[in-house]
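Position one of the sequence shown corresponds to residue 258 (the working numbering), numbered consecutively onward.
Glycine included, every Cβ here is placed at the ideal spot set by N, Cα and C.
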Amino acid sequence: MKRTFKIVGNWELNKGIQESLSLAAEVTELTKGYQSVAIGIAPVSLSLHALAQKHSGTHIHIGGQNTYFEKSGAFTGECSPTLLKDAGATFCIVGHSERRQIFKESNEDIGKKAALCLEAGLDLIVCCGETEAERETNKTNAIVESQLKAALMNCPKGLAKNITIAYEPVWAIGTGKSATPELAQEAHGFIRGLLETHFPGNSEHMVIQYGGSVKPGNAESLLKMPDIDGALVGGASLKPEDFAQICNIANNLSN
Ligand code: PGA
């Protein structure tokens with residue numbers, strides 16, 4: 258089954274508003290001929306509105322890195338899915354391992370965020386992945402299963418096409434130590450099976466991205482795997498040539 262590859266840059270807490278506009282403009286220019294790959298950028302939330310306005314109607318989708326699970330109210334410092342949508346976001350990442358580890362988000366929090374994003378009309382990228390200790394003790398599948406079950410529990414079955422999963426082993430994020438294609442494929446195959454249970458008949462059409470030290474040098478071997486349909490890219494997405502090269506590899510593999 259041929260799926261459209263999806264490459265998304267997670268800029269994490271990097272770049273000011275003007276820098277973000279220039280970086281996104283470079284990415285747009287460098288990737289403008291790529292018809293067979295879906296490309297997204299998740300900038301810091303303060304830059305999102307400016308970027309979304311600039312890129313509305315282009316091939317670059319702008320999305321949030323995180324959100325909150327209430328629509329409005331006395332939640333100082335938070336930003337809801339409705340607001341992200343209003344600012345021009347088309348998608349939102351939930352459950353990134355930095356949110357889980359640093360900000361102590363629970364599986365339940367992430368499930369609530371996921372459901373509210375879909376309700377607000379945002380596409381979702383749901384992150385999952387095990388720590389090094391969990392992998393070493395053979396808990397990878399159990400961890401990924403519990404993370405995804407909780408995240409998808411309240412997601413309407415009819416919205417499967419709006420949901421992307423990003424498998425990001427925590428030990429591979431920002432470390433330069435990517436999972437081998439074979440190891441990533443094993444996890445992606447397992448995730449495809451879980452998706453089939455949650456969304457019967459739809460898993461073949463759903464995108465499962467790999468994330469964790471994706472670079473131009475390893476993108477092709479990862480994306481050639483049958484269940485790897487894209488990448489969530491951190492560090493390399495801040496370098497426009499590197500990010501564009503990863504998009505180019507995905508575009509070529511689609512053709
Ligand atoms: P990395 O980050 O590509 O720098 O490992 C991945 C991510 O932040 O999702």
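- prompt: Using the beta-carbon count (16 or more within 10 Å), is residue 390 buried or exposed?
  reply: With a threshold of 16 other beta carbon atoms within 10 Å, residue 390 falls short and is exposed.
message: Would residue 501 and residue 333 be called neighbours here (beta carbons separated by less than 8 Å)?
response: no
message: Quick check: is any heavy atom of the ligand PGA less than 7 Å from the C-beta of residue 444?
response: Taking the Cβ of residue 444 as the reference point, every heavy atom of the ligand PGA lies at 7 Å or farther away.
task: On a CA-only basis, which of 499, 495 and 503 is nearest residue 273? Give me that one, please.
output: 495
- prompt: Short check: CB of residue 338 to CB of residue 347, under 8 Å?
  reply: no
- request: Give the straight-line distance between the Cα atoms of residue 469 and residue 434, rounded to the nearest whole angstrom.
  value: Their Cα atoms are separated by approximately 8 Å.
- prompt: Any heavy atom of the ligand PGA closer than 7 Å to the CB of residue 353?
  reply: Under cutoff, so the answer is yes.
field: Boundaries of the alpha helix (DSSP H) in which residue 312 is found, first to last residue
entry: 302 to 312
field: Beta-carbon contacts of residue 447 that lie in its chain and below 6 Å, excluding the five residues immediately before and after
entry: These residues qualify, in order along the chain: 398.
- prompt: So residue 383 packs on residue 408, CB below 8 Å; how close in whole Å?
  reply: 5 Å
message: For a quick check, are the C-beta atoms of residue 336 and residue 379 less than 8 Å apart?
response: Taking 8 Å as the cut-off, the beta carbon of residue 336 is found no closer than this to the beta carbon of residue 379.
- prompt: So residue 270 and residue 308 are in contact, right, with Cβ under 8 Å, and what is the actual spacing, rounded?
  reply: Their Cβ separation, rounded to whole angstroms, is 15 Å, which puts residue 270 and residue 308 out of contact at 8 Å.
query: Counting only runs that start and end within the region 358 to 434, where is the alpha helix (DSSP H) found for 4 or more residues in a row?
result: Within the region 358 to 434, complete alpha helix (DSSP H) segments of at least 4 residues are found at 364 to 376, 389 to 393 and 397 to 409, given in chain order.
message: Shorter than 7 Å, the distance from the beta carbon of residue 422 to the closest heavy atom of the ligand PGA, or not?
response: no
- prompt: Can the beta-carbon of residue 314 be found less than 8 Å from the beta-carbon of residue 299?
  reply: no
message: Could you give the first and the last residue of the continuous beta strand (DSSP E) run that contains residue 351?
response: 348 to 351
- request: Any chance you could list the alpha helix (DSSP H) runs of at least 4 consecutive residues sitting entirely within the region 432 to 474, in chain order?
  value: 438 to 455
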